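Numbering (the numbering used here), first residue to last: 23 to 225.
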């Protein structure tokens, strides 16, 4: 009974320490990257640790899955701050992307509704990902699907610019648009909605 509890405690510790550093790296040898990104090659872990200490820095394991494990000599506090910042920036960027889905055989009314949603997102400063998924027999209409996506991007140039043109990935076609600078954005499909809101405000 004692052995499983001991194993579980080690597992929690491993989750707590995402990166092993200095004396916690209990390996015979590691591949070392210096503070200026230079490749120092494979060396005994003790020698790598001594070198890090001489430089007033830490030895941090960054790729434990590699053979041998890869370690970097760096300022651990600064490294963790940068990692945290990258994580926050990544989440922030992801939250600023909105998706608008099209169909290969889309009716004009539905098409305009999709453009209205995309325009609204771009006007609010979001990136917009346009997607069109082909299901079953629809895969034989990839040319039509590409035309639909290209047309949609062309119909949104008054408020956004293409990050990349429509591309086929399996049974899905995707494209990405970023909003134009705020002073260059123009509403085309949401003009009536905006006018109604302004009328309500005046009343």
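Each residue gets a CB set at the ideal place from its N, CA and C atoms; glycine is no exception.
In this text, all values refer to a predicted model and were calculated from it rather than measured experimentally.
Residues near residue i by beta carbon distance below 8 Å, same chain, minus five either side
| i | result |
| --- | --- |
| residue 63 | 53, 54 |
| residue 45 | 71 |
| residue 194 | 153, 154, 155, 156 |
| residue 90 | 49, 51, 52, 53, 64 |
Three-state secondary structure assigned by DSSP to residue i
| i | result |
| --- | --- |
| residue 70 | helix |
| residue 129 | coil |
| residue 184 | strand |
| residue 174 | helix |
| residue 40 | coil |
| residue 167 | helix |
| residue 88 | coil |
| residue 60 | coil |
| residue 138 | helix |
| residue 108 | helix |
| residue 206 | helix |
| residue 212 | coil |
Pick from the options that is closest to residue i, judged by C-alpha positions
| i | options | result |
| --- | --- | --- |
| residue 200 | 178, 172, 51 | 178 |
| residue 171 | 76, 69, 184 | 184 |
| residue 206 | 151, 162, 90, 146 | 146 |
| residue 43 | 135, 84, 211, 106 | 84 |
| residue 40 | 169, 101, 125 | 101 |
| residue 132 | 158, 174, 97, 161 | 174 |
| residue 97 | 142, 58, 138 | 58 |
| residue 180 | 92, 148, 209 | 209 |
| residue 140 | 106, 86, 130, 124 | 124 |
| residue 161 | 142, 137, 127 | 127 |
| residue 1 | 87, 159, 143, 197 | No answer is possible for residue 1: the residues shown for the chain start at 23 and end at 225. |
Same chain, Cβ closer than 7 Å to residue i, neighbours up to 5 away in sequence not counted
| i | result |
| --- | --- |
| residue 67 | 47, 49, 50, 51, 52 |
| residue 61 | 55 |
| residue 28 | Here residue 28 scores only 42 on pLDDT, less than 50, and its place in the model should not be relied on; the value that follows carries that caveat. There are no such residues. |
| residue 121 | 151, 153 |
| residue 164 | 156, 190 |
| residue 204 | none |
| residue 134 | 211 |
| residue 74 | 80, 81, 95 |
Status (buried if at least 16 other CB within 10 Å, exposed otherwise) for residue i
| i | result |
| --- | --- |
| residue 103 | exposed |
| residue 119 | exposed |
| residue 80 | buried |
| residue 30 | Its pLDDT being 40, under 50, residue 30 is placed unreliably by the model, and nothing is read from it. |
| residue 186 | exposed |
| residue 182 | buried |
| residue 213 | exposed |
| residue 88 | exposed |
Residues that DSSP places opposite residue i in a beta bridge
| i | result |
| --- | --- |
| residue 51 | 66 |
| residue 194 | 155, 191 |
| residue 80 | 96 |
| residue 124 | 154 |
| residue 149 | 119 |
| residue 199 | 150, 184 |
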